[in-house]
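Student: Heads up: the sequence shown runs through residues 24 to 100, numbered per the numbering used here. No residue lacks a Cβ here, since even glycine has one placed at the ideal position from N, Cα and C. Just so it is clear, the structure is predicted and the values come from calculations on it, not from any experiment.
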Amino acid sequence: MYVVVNFFAKYNKYLVHEKMMAHGMLPPNEAEKPRKNGLVTFAGFFVFGSAPLLSFVVLIPAFMPAYLYQQPPQARG
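See the structure below:
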């Protein structure tokens with residue numbers, strides 16, 4: 024704790040920056056790109072969210088009986 028206090032006493036601009044960030048008083052970071060962040064979040068959700076569904080797509084055909092895949096007989100008439 025003593026080291027942190029000495030650091031902030033020596034470098035006052037870091038203390039001011041930290042306090043303003045803690046209170047939400049800093050302007051938004053211009054380097055952040057909300058569209059890119061949203062796209063990355065969506066891609067992660069899509070990939071990892073579809074993993075459980077893919078198990079059904081892969082495993083159901085392996086365990087379903089073959090007669091369920093056959094076409095029903097056509098009505099004669």
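To the nearest angstrom, report how far apart Phe68 and Leu76 are at their CA atoms.
Tutor: 13 Å
Student: Alpha carbon to alpha carbon, what distance is there between Lys42 and Gly61?
Tutor: Rounded to whole angstroms, the gap between the alpha carbons of Gly61 and Lys42 is 28 Å.
Student: Taking just the CA atoms, how far does Gln93 sit from Arg99?
Tutor: 18 Å
Student: In whole angstroms, what is the alpha-carbon distance linking Tyr25 and Lys33?
Tutor: Approximately 12 Å, taken between the alpha carbons.
Student: Leaving out five residues on either side along the sequence, give the residues of the same chain with a beta carbon under 7 Å from the beta carbon of Arg58.
Tutor: none
Student: For the ligand NAD, is there a heavy atom less than 6 Å away from the beta-carbon of Tyr25?
Tutor: This structure does not include the ligand NAD; it has no bound ligands of any sort.
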